[in-house]
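Here is the structure we will look at, set down as structure tokens.
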Amino acid sequence: DTGVSQDPRHKITKRGQNVTFRCDPISEHNRLYWYRQTLGQGPEFLTYFQNEAQLEKSRLLSDRFSAERPKGSFSTLEIQRTEQGDSAMYLCASSSPGQTFPGELFFGEGSRLTVL
Amino acid sequence: QQQVKQSPQSLIVQKGGIPIINCAYENTAFDYFPWYQQFPGKGPALLIAIRPDVSEKKEGRFTISFNKSAKQFSLHIMDSQPGDSATYFCAASQYSGGSNYKLTFGKGTLLTVNP
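Quick note, the sequences are listed as chains X and G, same order.
Position one of the first sequence corresponds to residue 94 (the numbering used here), numbered consecutively onward.
Position one of the second sequence corresponds to residue 9 (the numbering used here), numbered consecutively onward.
Shown next as structure tokens:
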């Protein structure tokens, strides 16, 4: 499978715990994005990497959120001291300069977080 | 601030019908307008996209109509099938610096096609 891979697919945690999600993009894609999707909403942009550099962060990404892409390949998204409002689907997407249109994204299947 | 407004929220049609999903935007900096399809438990997948200098684009049973002056665009699904039942998101792409383009999504339309 050469698509975007995310792990874990589901995570249930208690409020206050830390969680980490991993994303493996399509191998030749140098751009990686994290989006958050809540029930009944479209995906909302969180952050963007080009290779290992984090170039943009949304205001939605509070201080409890941190994302890394240390070697320009896989990425991790960590949420510290989780709150019930963090419950959502966290989507990873990747893209390359050879995409069909500017901003075309290839999404993974997401990591669903439930904070109790 | 919702930059891309999508309607209806849900839509039910019979097999063979032509569902139409509408989107509107305000930001004239948007320069590409894709539609994504999402099945339950899956991530969104690109369906079709259009540039603002084109009024219509057709790919198979899916057609985007684009009205630049009205800042509106819509998705039409011809001869809809039960397998088309999914959530559809319109989106708009905007250059955000460097070589990055950022997508802004609508809230989605849950389409159900009954047999």
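The beta-carbon is built from N, C-alpha and C at its ideal position, and this holds for glycine as well.
Per-residue contacts from residue i into chain X (C-beta, under 7 Å)
i	result
G:G51	L184, F200, G201, E202, G203
G:S104	E149
G:L54	E197
Proximal residues to residue i (C-beta, below 6 Å), its chain only, five neighbours per side dropped
i	result
X:D100	R115
X:T113	T169, E171
G:Q102	A37, F38, K110
X:K104	V112, L206
Neighbourhood of residue i by C-beta distance below 7 Å, restricted to the same chain and skipping five residues each side
i	result
X:Q143	N123, R124
X:E157	Per the sequence shown, the amino acid found at residue 157 of chain X is Arg instead of Glu. The residues are I172, Q173, R174.
X:P163	E145
G:K13	C31, A32, G114
G:L54	P42, Y44
Cβ separation of residue i and residue j, assumed to be a contact under 8 Å, to the nearest whole Å
i	j	result
X:V208	X:R108	6 Å
G:P48	G:T117	The pair is not a contact, with the Cβ atoms about 14 Å apart (cut-off 8 Å).
X:G203	X:M182	4 Å
G:Q62	G:F70	The identity of residue 62 of chain G in the sequence shown is Val, whereas the question assumes Gln. So it is not a contact: roughly 15 Å between Cβ atoms.
X:E137	X:Y126	Wrong, their Cβ atoms sit about 11 Å apart, outside the cutoff.
Residues that residue i bridges to, as DSSP identifies them
i	result
X:R124	X:Q143, X:S188
G:N30	G:S15, G:S82
X:L206	X:K104, X:A181
X:V112	X:I172
X:K150	X:T140
X:R129	X:E137, X:Y183
G:S77	DSSP output for G:S77 lists no bridge partner at all.
Cutoff 8 Å; reference residue i; Cβ partners in own chain excluding five residues on either side
i	result
X:G96	I119, F199, G201
Limits of the unbroken beta strand (DSSP E) element including residue i
i	result
G:E64	64 to 67
G:A99	94 to 103
G:A37	No beta strand (DSSP E) contains G:A37, which DSSP labels as neither H nor E.
G:T117	117 to 122
G:T112	109 to 113
G:L55	53 to 58
X:F158	158 to 161
Partner residues on chain G for residue i, Cβ-Cβ distance less than 8 Å
i	result
X:F138	K110, L111, T112
Per-residue contacts from residue i into chain X (C-beta, under 8 Å)
i	result
G:G116	G133, Q134, G135
G:F74	Within chain X, no residue comes near G:F74; the closest Cβ sits about 13 Å away, beyond 8 Å.
Listed by chain order, chain G residues near residue i by CB distance under 9 Å
i	result
X:Q110	Those do not exist, as X:Q110 stays about 24 Å from chain G at its closest Cβ, beyond 9 Å.
Proximal chain X residues relative to residue i, where beta-carbon distance stays under 9 Å
i	result
G:F97	G135, P136
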